[in-house]
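Only one structure is covered here, and it is reproduced in the block below.
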Amino acid sequence: MKRKDFLYLSGMGIGGALLSGMPVLPLPDVLLDPALKKQLADIALNAARSKGASYADVRIGRYRNQFIVTREDKVLNTVDTESYGVGIRVIAGGSWGFAATDKMDTDGIAQAAALAVSIARENARLLKEPVQLAPQKGYGEVSWKTPIEKNGFEIPIREKAELLLAVNAAAMKGGASWVDSSLFLVNEQKYFASTDGSYIDQDIHRIWPTFTVTKTNDKTGKFETRDALSAPRGMGYEYLIPSAREKIGGVTTLYRDRYDMIEDARLAAEQAAAKHSAKSVEAGKYDLVLDPSNLWLTIHESCGHPTELDRVLGYEANFAGTSFLTLDKWESKKFNYGSPLVNIVADKTQMGSLGAVGYDDEGVKTKEWDLIRNGILVNYQAIRDQAGIIGLNESQGCCYSQSWRDVQFQRMPNVSLRPGKTPLTPEEMISKVEKGIYIVGDSSYSIDQQRYNFQFSGQLFYEIRNGKIAGMLKDVAYQANTQEFWNSCSAICDQRDYRLGGSFFDGKGQPEQVSAVSHGSATARFNGINVINTARKI
Amino acid sequence: MPLFTQDEAKALLSKVLNFSKADECQVSISGGDGGNIRYARNSVSTSGATSSTQLAIASSFGKKQGITTINEYDDASLEKAVRRAEALAQLAPENPEYMPVLGPQTYAPAAKTYSPATAAISTRQRASLVEQSLATARDTGVTAAGFLQNYAGFSALMNSKGMFAYGTGTDVEFSITMRTNDGSGSGYAAGGFNDIGDLDVVAASKAAAWKAAHSAGARALEPGKYTVVLEPAAGIVLLENLYGALDARSADEGRSFLSLPGGKTRLGEKLVDEQVNIYSDPWNEQLPTYNYNGEGLPQQKVSWIEKGVVKNLMYSRYWAQKKGVPPMPFPDGFIVTGGSASLDELIKGTEKGILVTRLWYIRAVDPQTLLYTGLTRDGTFYIENGEIRYPVKNFRFNESPIIMLNNLEAMGRPVRTVSGEGGPAALIPPMKIRDFTFTSLSDAI
Chain D
1 MKRKDFLYLS GMGIGGALLS GMPVLPLPDV LLDPALKKQL ADIALNAARS KGASYADVRI
61 GRYRNQFIVT REDKVLNTVD TESYGVGIRV IAGGSWGFAA TDKMDTDGIA QAAALAVSIA
121 RENARLLKEP VQLAPQKGYG EVSWKTPIEK NGFEIPIREK AELLLAVNAA AMKGGASWVD
181 SSLFLVNEQK YFASTDGSYI DQDIHRIWPT FTVTKTNDKT GKFETRDALS APRGMGYEYL
241 IPSAREKIGG VTTLYRDRYD MIEDARLAAE QAAAKHSAKS VEAGKYDLVL DPSNLWLTIH
301 ESCGHPTELD RVLGYEANFA GTSFLTLDKW ESKKFNYGSP LVNIVADKTQ MGSLGAVGYD
361 DEGVKTKEWD LIRNGILVNY QAIRDQAGII GLNESQGCCY SQSWRDVQFQ RMPNVSLRPG
421 KTPLTPEEMI SKVEKGIYIV GDSSYSIDQQ RYNFQFSGQL FYEIRNGKIA GMLKDVAYQA
481 NTQEFWNSCS AICDQRDYRL GGSFFDGKGQ PEQVSAVSHG SATARFNGIN VINTARKI
Chain F
539 MPLFTQDEAK ALLSKVLNFS KADECQVSIS GGDGGNIRYA RNSVSTSGAT SSTQLAIASS
599 FGKKQGITTI NEYDDASLEK AVRRAEALAQ LAPENPEYMP VLGPQTYAPA AKTYSPATAA
659 ISTRQRASLV EQSLATARDT GVTAAGFLQN YAGFSALMNS KGMFAYGTGT DVEFSITMRT
719 NDGSGSGYAA GGFNDIGDLD VVAASKAAAW KAAHSAGARA LEPGKYTVVL EPAAGIVLLE
779 NLYGALDARS ADEGRSFLSL PGGKTRLGEK LVDEQVNIYS DPWNEQLPTY NYNGEGLPQQ
839 KVSWIEKGVV KNLMYSRYWA QKKGVPPMPF PDGFIVTGGS ASLDELIKGT EKGILVTRLW
899 YIRAVDPQTL LYTGLTRDGT FYIENGEIRY PVKNFRFNES PIIMLNNLEA MGRPVRTVSG
959 EGGPAALIPP MKIRDFTFTS LSDAI
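Chains D and F supply the protein sequences, listed in that same order.
First residue of the first sequence: 1, per the working numbering; consecutive thereafter.
First residue of the second sequence: 539, per the working numbering; consecutive thereafter.
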């Protein structure tokens, strides 16, 4: 997750503080005519071919973001960003080349295509082996849309701002000292065409409502926070229409496919205050009961990233890192990543998820496949120029670029823990734990560059003693080794408890790009995990 | 040549302002040309070039504002964009924290942020530099993964009260990870400069290859408190989280490590060891930055921490007005002063300790104490009697830069350092710290 970008966008504005505190009117929401996009795409493909490219693809993109940022009773930022341009990727001399431009006329596009070819040729002399693409049939002219019920961009800005102010009011009424809330909307209108004969028009939507409630204590000078328990989703504004059926009761209300932001803010204010008097955790071994709002991030970091084939092969060695899940472990067919209960699945198709698209950014139709089956590593995440390395005759459809101006590369699909097959609720799970901690919400997260050693925290911690919740804890973080952690998984709740979490800003690559990805799970239990106390004095 | 010269930018922004009917209007344009090349497994992987600009128009009526952005510059498109910004301003809620646009400002002469040689870097030049790095990998028998990118940009800002600011900048950044072919050792080096002439790709590649070769066969030490020597590439990722948090408003609101009981703050108090001085200076020759910020406020030389005492905090224009103090913009670059010793001399002066060459995946654990966690990476070594004795396995740490800078033993000569975590460049000295807290071991190499 690239938190810094989030803070930059929400706090500083784009292009400097000029945008700070100022709402933005979007350009007219007119989708470009696919016929025009096909015409522009063909200019690029023809120019690339005429310069000698053996393969070319073109992505014409109109990328829209809207974010509304508020605090207490004030709307601080309402910003729309919009970016329109074309990225052209080619193979020439066996090497990749890429160029992007926002000069959307015949000359601008043809020049970019020629530049991409010249870059490929220049780099070809540094190449050890030519790029080998897995075969991909052309789909002709096809399209796909995120199945949203309400387009968030079409909801009046005032209505969205009023929701956030109501959220803030609920938190302040509940005793919060401060509250910051924001709403992010993303719309990717992207058109892909390639020399394979595909012309793919897609309209992708994502949404993320979130807040942080702070409770200060003037006497001690301390402060405690509680972040929203929402998830970023591949949905429209319907995610923000509360539904009793989508709520799960317990120590706090948890949410499936509809989020009650006002209710969550009210509860957050109570819980931030309660943290001040919560017991500081005693370091040691505990059985952890992890809610999906916490576990998604552990799945993301300790399973999602190490099964990325580009990391395994060393393409990310200089930045994001490599992976402990080396090819020999996969080839052995017996590497026990986790206990037999652990089944981890990859997909780009799950409804309402951040990763769902019809086709990836190199024109491959998306699908679902197993990564870990009954605890054993069985597969990776691959794109066209990697598929052959693991014996696949087609890509798994994991290629993505954050915009028209960045080159596409392998990115994580949704990676999720399958729910347990035996009926089990979180309450039943907790009732069997003697000494444990129930953790809700995500917070601090860190993992090494090969994905062995991690440390995670959370938003809410509850001590479990002899099968019962015994009160709130604070200063909790859990540290573990990935393989030991997943082998300690002793129970997973059933489908009824399955929920999605996710990251809006997962960072990887050089230049760094962000992508959005979901991770589903039901509440799961992990035995004997090392918990540290994070309290310090300065 | 930047994409827009000062005269071209001024002419375009003036034209946009002439369309304005709002109480206030502020317009800005920025953009540039960039190129990059990436390699791994001793072979080039992806590379590319991008050229783009963006114009933003902010119109306000009273405390109601609207913004629109556009990247088409014909008169009709510009006028339409201005009308849209004004229409939205009329619909927007009032922002009680709105600050009127600034009047004309006086800026000290711009620092040398733009290098024609960097702006002229070609596809061929990038490929040739990478070729030299790959040759180093081949000659030393290790596997290279690296990245080189260059950018030449401009930025201009103008408003209806007559303020105008313009700047240009170039940047070239290189990072390299060398790994032994069996994956048992890894080393890293990076450099980032305004001028390509300051970048030595071969020296960085050799340094990374040395660390890779010498970090193979690492031994496990028990986690605990150790004296560490932090190379600048390791220190920067903790220090950037300290100076990035020097914000007055959050301190005043009781939600910062700078907050004290009774609504007081640590401004003016001694926070860290008295050897610590942190300041910003747009005209520093090694770290030149813009002479104005995104709102058009002049940037100045500012002391943030002096002899361990918090001297200044960032004040937004709104918070400064509320508190009756001058606004203090966030600077573009930070400088931590040090001593004159080299890294080698710091190592020589260490009886027992651990040399940390890089820290990675730094995340906040507790904002009340500025506690951070992360791991060592790409070369960690045990020091005994002033010498590097053997490589050690990587550690996870849980440490606060405040506690760390209170345990400061010595600092060396500051050097321009690239943040491996995405922060801005800074001048950072190597530092020797006692009682640095490692909490667990990692098997990662």
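All C-beta atoms in this analysis are idealised placements derived from N, C-alpha and C, irrespective of residue type, glycine included.
Looking from the CA of residue 405 of chain D, the closest CA among D:179, D:103 and D:343 belongs to D:103. Going by DSSP, residue 781 of chain F is part of the alpha helix (DSSP H) stretching over 770-781. In the DSSP assignment, residue 215 of chain D falls within the unbroken beta strand (DSSP E) covering 198-217. When DSSP states are grouped into helix, strand and coil, residue 927 of chain F belongs to the strand group. Counting along the chain, residue 287 of chain D sits inside no alpha helix (DSSP H); it lies in the beta strand (DSSP E) bounded by residues 284-290.
A residue is called buried when at least 16 other Cβ atoms come within 10 angstroms of its Cβ; residue 479 of chain D meets this threshold and is buried. For residue 902 of chain F, the closest of F:650, F:635, F:776 and F:958 by C-alpha to C-alpha distance is F:776.
Distance between residue 437 of chain D and residue 910 of chain F, taken at the CA atoms: about 22 Å.
Contact between the region 316-329 of chain D and the region 444-454 of chain D is established, with three or more Cβ pairs separated by less than 8 Å.
Here residue 116 of chain D is near residue 48 of chain D, since their CB atoms are less than 8 Å apart. A distance of 8 Å or more separates the beta carbons of residue 461 of chain D and residue 444 of chain D.
Residues of the region 214-225 of chain D that bring their beta carbon within less than 7 Å of a beta carbon in chain F comprise 214, 216, 218, 219, 220, 221, 222 and 223, in sequence order. For residue 578 of chain F, the CB contacts under 6 Å within the same chain, skipping 5 residues up- and downstream, are 683 in chain order. Below the 9 Å Cβ cutoff, chain D contributes 321, 446, 448 and 449 as neighbours of residue 898 of chain F, in chain order.
Cβ proximity to chain D below 7 Å picks out nothing from the region 751-770 of chain F. Between the beta-carbon of residue 397 of chain D and that of residue 345 of chain D there is about 14 Å, and that puts the pair past the 8 Å contact cut. If you check the CB distance, residue 419 of chain D and residue 522 of chain D come in under 8 Å. Going by C-alpha positions, residue 264 of chain D is about 44 Å away from residue 829 of chain F. Under DSSP, residue 178 of chain D forms a beta bridge with D:214.
Proximity of residue 631 of chain F to chain D, defined by a Cβ-Cβ separation below 8 Å, is satisfied. Annotated three-state conformation of residue 704 of chain F is strand, per DSSP.
Judged by pairs of C-beta atoms under 8 Å, the region 879-898 of chain F touches the region 920-933 of chain F, as three or more such pairs exist. In the structure shown, residue 241 of chain D adopts coil according to DSSP, grouped into three states.
According to the DSSP assignment, residue 618 of chain F belongs to the alpha helix (DSSP H) that extends over 613-629. Put simply, of D:93, D:236, D:362 and D:519 the residue whose alpha carbon is nearest the alpha carbon of residue 60 of chain D is D:362.
Chain-ordered listing is empty here: chain D has no CB closer than 8 Å to the CB of residue 951 of chain F, the nearest sitting near 26 Å. Residue 224 of chain D has D:215 as its beta-bridge partners, per DSSP. The beta carbon of residue 222 of chain D sits closer than 8 Å to the beta carbons of 216 and 276 from its chain, once the five residues preceding and following it are set aside; these are given in chain order. Put simply, the CB of residue 122 of chain D is near chain F, with a gap under 8 Å to one of its CB atoms. In this chain, residue 676 of chain F is not harboured by any beta strand (DSSP E); it is covered by the alpha helix (DSSP H) spanning 661-678. By the neighbour-count definition (other C-beta atoms within 10 Å, threshold 16), residue 495 of chain D is an exposed residue.
For residue 577 of chain F, the chain D residues whose Cβ falls inside 8 Å of its Cβ are 126, in order along the chain.
DSSP links residue 576 of chain F through a beta bridge to F:685. Assignment of residue 337 of chain D by DSSP, reduced to helix, strand and coil, places it in the coil class.
In this structure, residue 597 of chain F lies away from residue 614 of chain F, with their beta-carbon atoms at least 8 Å apart. Not a single CB atom of chain D sits nearer than 8 Å to the CB of residue 705 of chain F.
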